[in-house]
Structure formats: structure tokens, C-alpha cells
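Peer 1:
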Amino acid sequence: MKYEKITKWLLVALFIVGIVFSVYGFIVGFESNGNAPVDNILYCAYSFAGLAVLAVVLGVVVIGGINNPKSLLKMFAGLVVIAAIAAVAYVLAPGTPAVGYLGEPVSDGTLKLTDTVLNLTYFAFGAALLSLVVGWVVSATRK
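Be aware that the sequence shown starts at 241, since it is given in this note's numbering, and climbs by one per residue.
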């Protein structure tokens, strides 16, 4: 198929670009030139992540929507649930300063965002534990 060849050569090109940036960083030195090699590698990583998100959007939303339009409704409902969970985590985040922190002052927005991410991490951990317990109970009752 043509898609397989396009994907193969695109992955080869991304791999070569990653190697070029890595070799550049080792040749120039990661700590010289004001961290320019590190910045270049980070920009390369950002572009790879952007391409991955673009590929997922293209593959899931566009192609999935063409093949099964009802799947777009399910995907939209899932996004609404994820947004609701993130909103709950944001509302529950206190945004209080860290105890014993002596560095530069941190803005209230950064503190609130940090606490939101911590809440989302706790939610994910709880969901993982709950899914393990439910899986064990379901598998034990089916035997």
C-alpha cells in the first residue's frame, strides 16, 4: 500500500533528523553556546511530538470519522469527560505555596497549575488501582 511506504520513509526521515541533531549536540557540546544544542534537540522533540499529534488527529478523527461517523460522537463524549475531570482537578487545586521553598517567588497561576497536575496524577493513580481491583474481582467471579 502507498500509506505503508509513506509512513516508512517519513519515519526514516524523522530518524535521520533526530540523529543529525544528536550528533550536532555532541560535536558542539551541550553546555557551550548558551545551551543552543540542547535547545535544538528540544525543538526537534517538540516537532516530533507535534507530528505525532497531527498523525493521531489525521488517523483517528479524519479517517475514523469517514469510516464510522458515530465514532466521532463517542470521541467527543470522551473529550467532554476528560475536560470535566480536568476542570474538577483545577477547582480542587488549592494553589498554595510550597512549604520551605526559599527560591524566587512563584506566580499564583503556576502554583494552581502545578496543584492541578498533581490532582490529575492522583486521579489517574486512583483510576489505575480501581481498574486493577475491578479486573481482579471480575476475573475471579467468572471462573
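For every residue, glycine included, the Cβ atom is placed at its ideal position computed from N, Cα and C.
Just how far apart, CA to CA, sit residue 288 and residue 296?
Peer 2: C-alpha separation (whole angstroms): 12 angstroms.
Peer 1: Tell me the rounded alpha-carbon separation between residue 290 and residue 373.
Peer 2: When rounded, the distance between both Cα atoms is 35 angstroms.
Peer 1: With DSSP as the reference, label residue 338 as helix, strand or coil.
Peer 2: Three-state result, residue 338: coil.
Peer 1: Reducing DSSP to helix, strand and coil, say where residue 244 ends up.
Peer 2: Note: residue 244 maps to helix in three-state DSSP.
Peer 1: Let me check understanding here. Comparing Cα to Cα, which of 300, 329, 328, 307 lies closest to residue 316?
Peer 2: Closest option to residue 316, Cα to Cα, is 300.
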